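All remarks here apply to the structure that follows.
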Amino acid sequence: MEDVVEKTFDMAFLIEDLREIWRKTAPFHKLSEEEKEQVLNIIEGIKKNCDLISDKVSK
Numbered sequence: 413m414e415d416v417v418e419k420t421f422d423m424a425f426l427i428e429d430l431r432e433i434w435r436k437t438a439p440f441h442k443l444s445e446e447e448k449e450q451v452l453n454i455i456e457g458i459k460k461n462c463d464l465i466s467d468k469v470s471k
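Number 423 in my numbering belongs to position 11 of the sequence shown; there are no gaps in the numbering.
So this is what it looks like as structure tokens:
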């Protein structure tokens, strides 16, 4: 289960990265192409970690 905890922390850091993008682009959150790519990569990382955690916990 140690890897589940690590993945949870990884997701927390990813969410913090996403929050930073929203903070930098406030108040209108108009994203550049680079920021859009970053947001999508962050979301993909969060999804991947959620799936890994879900698989581990459900076994």
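Ideal Cβ positions, reconstructed from N, Cα and C, are used throughout, including at glycine. Remember, predicted model here, so these are calculated numbers, not experimental data.
For this session: Could you have a look at phenylalanine 440 and say whether DSSP puts it in helix, strand or coil?
Result: It is coil, neither helix nor strand.
Exercise. Excluding the five sequence neighbours on either side, which residues of its own chain have a C-beta within less than 6 Å of the C-beta of isoleucine 458, listed in chain order?
Worked result: When the five nearest sequence neighbours on each side are left out, the beta carbons in the same chain lying within less than 6 Å of the beta carbon of isoleucine 458 are those of Met423, Leu426, in order along the chain.
For this session: Specify, as a first and last residue, the run of the alpha helix (DSSP H) that lysine 471 falls within.
Result: For lysine 471, there is no enclosing alpha helix (DSSP H), as DSSP marks it with neither H nor E.
For this session: Please report how far the alpha carbon of lysine 471 lies from the alpha carbon of lysine 460, in whole angstroms.
Result: C-alpha of lysine 471 to C-alpha of lysine 460: approximately 17 Å in a straight line.
Exercise. Going along the chain, which residues of its own chain have a beta-carbon closer than 6 Å to the beta-carbon of proline 439, five neighbours each way excluded?
Worked result: There are no such residues.
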